[in-house]
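Residue numbers (this note's numbering): 83 to 272.
See the structure below:
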């Protein structure tokens with residue numbers, strides 16, 4: 083299934099590179115655009131496509147969550163191979179002796195056959211949310227139920243709710259995207 087996004091767009095004598103995000107979630111598209119623009123000091127054309135993560139709806143652990151991010155980027159590339167970059171973002175949860183915590187993996191591929199990845203910081207989830215996740219609910223749905231929200235995962239997400247908006251989902255993902263871009267910003271070193 084190919085979509086008709088332009089490969090490059092001429093804009094004030096500058097070429098815009100195309101980035102395809104393996105999600106239609108507006109937060110994931112927006113944070114990708116923001117992070118790439120900030121990292122490279124130029125603007126990009128960013129579009130999202132619905133892709134399968136190939137993992138459970140609520141990934142658990144580093145391995146499954148990273149696999150979901152890689153699959154999203156790879157499937158975005160299969161859907162629209164004419165782009166310059168493909169980005170997969172997958173949120174997951176895990177547990178340790180302190181409780182359940184949330185995080186996300188970022189995976190980026192380029193048209194130069196280069197890839198990179200980075201992980202966000204982690205934060206612990208309240209017991210009520212943890213119980214709902216353990217019962218089979220996704221984190222976003224659990225947040226909506228516990229905090230009387232509607233579609234919070236396409237807004238500030240758990241991190242936004244729990245930090246009272248100090249760190250929203252866009253800022254949370256943006257930093258990890260920039261970190262995943264390090265090899266692309268330093269091609270002579272990687």
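Cβ coordinates follow ideal geometry from the N, Cα and C atoms, glycine included. This structure is a prediction, so every number in the text was calculated from the model and none was measured.
Taking residue 121 as the centre and dropping the five residues before and after it, the same chain places the C-beta of 260, 263 and 267 closer than 7 Å to its C-beta, in chain order. The Cβ atoms of residue 205 and residue 148 do not sit closer than 8 Å to each other. Between residue 153 and residue 170, the C-beta gap is smaller than 8 Å, which places the two residues in contact.
Bridge partners of residue 128 according to DSSP: 101. Residue 115 and residue 240 have their alpha carbons spaced roughly 21 Å apart. Within the same chain, and ignoring the five residues on either side of residue 158 in sequence, the residues whose Cβ sits closer than 6 Å to its Cβ are 102, 104, 131, 133 and 168. In this chain, the alpha helix (DSSP H) harbouring residue 241 covers 239-244. Ranked by Cα distance from residue 135, the first of 151, 249 and 269 is 151. Per DSSP, residue 167 is one residue of the beta strand (DSSP E) stretching across 167-178. In the structure shown, the three-state DSSP call for residue 201 is strand. Taken atom to atom, the span from the alpha-carbon of residue 143 to that of residue 124 is near 35 Å. Residue 228 is classed as buried because its beta carbon has at least 16 other beta carbons within 10 Å across all chains shown.
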